[in-house]
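S.K.:
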Amino acid sequence: MTGRYDDRQTRGEEAGGSSTDAVLVRQDLFPWWDANARDLPWRFGRTTPWGVLVSEVMSQQTQMSRVVPYWQAWMAVWPDARALAEASPAEVITAWGKLGYPRRALRLQSCARVVGEDYDDALPSTYERLTELPGVGDYTASAVMSFAFGERIAVVDTNIRRVLSRVFLGVESQGGASTVEERSLANTVLPDDARESVLWNQSVMELGALVCTARKPLCESCPLAGLCAFNAAGKPGLGDRPTRPRQRFKGTDRQVRGIILDALRSRPAAAHVSRDELDALWSVTGQLDACLASLDDDGLIVIHHDSSISFP
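Each residue of the sequence shown is one higher than the last, beginning at 20 in the numbering used here.
Quick look at the structure:
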């Protein structure tokens, strides 16, 4: 594989990191990807750019194993932007099910309307146009540009940041928004060849998801163990990385909001849930009222004059 690159072998030191050779990393990482990449239904050219966008939106803060059946069901009903744009909000929120953060469903539908109306149902293929779409930020636009359109662009998510920081800089990524140094590193080690840049983004992300995990990295199974500056340094700071404490679910507003939405999902799209039924679902009146108000503010429910609720 080294023959496919010129003598400008990209080194982490150019981004303030170690002298680990990015070309050598690719030589070990790409075969690992070939042998271990998960067979997700939106990978390997088996879906449209719109399907890739849907997968990226669904995967935000959600485990991939949970996303797959929802993505498959969603794309079977709404295979393109125009089809989703024509659905009712009730259908969209119901289909989102237990994926969590249901506002994403409505933002995705808003995005679908713009794509259907302004782009004749064809997802725009430039970073600038993508980031103008509702709910599409830097990461999602970069991922679509790479994974759907095959363009050379650095994709920087939590997994990629962790792997690059450990392998090339020998330190833990500190969470929060990506730093200038992290983005510089991601651009520096990105292969010049567009096709290989896509493979790089996919394989680094997959390694972070399956092997180079945050708390318990499987270094004994890692194809980069012998090249990793973090491993060579004795994994300094492993476990010290600031992370959000695991939030309890029982009794939280998230639980209450989910109970309310589940009550609506279990009924026909236009059905109402009465206030008496809501009171029977959750006995803490103040919390129930606050959650109803927040769902109304998010556009996920409508509160009627008789205090019953329905989907929009």
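From the three backbone atoms N, C-alpha and C, an ideal C-beta is built for every residue, glycine too.
Indicate the three-state DSSP secondary structure (helix, strand or coil) for Val-338 in the structure shown.
M.R.: Here the chain covers residues 20 to 331 and nothing more, so residue 338 does not appear.
S.K.: Bridge partners for Val-321 per DSSP, in chain order?
M.R.: Ser-329, per the DSSP bridge assignment.
S.K.: From Thr-232 to Asn-178, what does the alpha carbon distance come to, in whole angstroms?
M.R.: Straight-line Cα distance between these residues: approximately 8 angstroms.
S.K.: How many whole angstroms separate the CB atoms of Gly-169 and Val-76, which I take to be in contact at a CB cut-off of 8 angstroms?
M.R.: Actually they do not touch by this definition, with Cβ atoms about 20 angstroms apart.
S.K.: Starting from Tyr-348, trace the alpha helix (DSSP H) in both directions and tell me its first and last residue.
M.R.: Since the first residue shown for the chain is 20 and the last is 331, residue 348 is missing from the structure and cannot be characterised.
S.K.: Rounding to the nearest angstrom, what Cα-Cα distance links Asp-315 and Arg-185 in this structure?
M.R.: The C-alpha of Arg-185 is placed about 43 angstroms away from the C-alpha of Asp-315.
S.K.: Where do the N-terminal and C-terminal ends of the alpha helix (DSSP H) with Thr-165 fall, by residue?
M.R.: The amino acid at residue 165 is misidentified as Thr; the sequence shows Ser. Where Ser-165 is concerned, the enclosing alpha helix (DSSP H) stretches over 157 to 166.
S.K.: If you draw a straight line from the C-alpha of His-324 to the C-alpha of Leu-118, how long is it?
M.R.: 30 angstroms
S.K.: Buried or exposed: where does Gln-91 fall if 16 or more other Cβ atoms within 10 Å of its Cβ makes it buried?
M.R.: exposed
S.K.: Please tell me whether Leu-226 and Val-182 are closer than 8 angstroms, where the distance is taken between their beta carbons.
M.R.: Against a cut-off of 8 angstroms, the Cβ pair of Val-182 and Leu-226 comes out as a contact.
S.K.: Pull up the distance between the alpha-carbon of Ala-131 and that of Ala-252, whole angstroms please.
M.R.: 48 angstroms
S.K.: Around the C-beta of Gln-187, are 16 or more other C-beta atoms found within 10 angstroms, so that it is buried, or is it exposed?
M.R.: The amino acid at residue 187 is misidentified as Gln; the sequence shows Phe. With 16 or more Cβ atoms within 10 Å of its Cβ, Phe-187 is classed as buried.
S.K.: Just tell me which of Leu-300, Ser-192 and Arg-45 has its CA closest to the CA of Val-275.
M.R.: Among Leu-300, Ser-192 and Arg-45, the Cα nearest to that of Val-275 is on Leu-300.
S.K.: Excluding sequence positions up to five away, which residues of its chain have a Cβ less than 8 angstroms from the Cβ of Gly-35?
M.R.: Confidence in Gly-35 is poor, its pLDDT being 44 and thus under 50, which makes the residue's placement unreliable; the coordinate value appears in the next sentence. So the qualifying residues of the chain are Leu-188, Glu-200, Ser-203 and Leu-204.
S.K.: Whole angstroms is fine: what's the gap from Ala-213's alpha carbon to Arg-171's?
M.R.: Spanning the two alpha carbons is a distance of roughly 5 angstroms.
S.K.: Shortest alpha-carbon distance to Gly-270 belongs to which of Cys-310, Gly-135, Ala-228 and Val-217?
M.R.: Cys-310
S.K.: Need the endpoints of the alpha helix (DSSP H) that Cys-310 sits in, please.
M.R.: For Cys-310, the enclosing alpha helix (DSSP H) covers residues 304 to 316.
S.K.: Please classify Phe-63 as buried or exposed, where buried requires at least 16 other C-beta atoms within 10 Å of its C-beta.
M.R.: exposed
S.K.: So, for Trp-219: in the same chain, excluding its five sequence neighbours on each side, which residues have a beta-carbon less than 7 angstroms away from its beta-carbon?
M.R.: The residues are Arg-45, Leu-209 and Pro-210.
S.K.: Measuring alpha carbon to alpha carbon, tell me which residue in Pro-121, Trp-51 and Gly-245 is nearest Ser-78.
M.R.: Pro-121
S.K.: Check whether the stretch 47 to 61 touches the stretch 229 to 247, counting contact only when three or more Cβ pairs, one atom from each stretch, lie closer than 8 angstroms.
M.R.: Touching, yes, given that three or more Cβ pairs across the two stretches are closer than 8 angstroms.
S.K.: Quick one, are the C-beta atoms of Ala-312 and Glu-296 less than 8 angstroms apart?
M.R.: no
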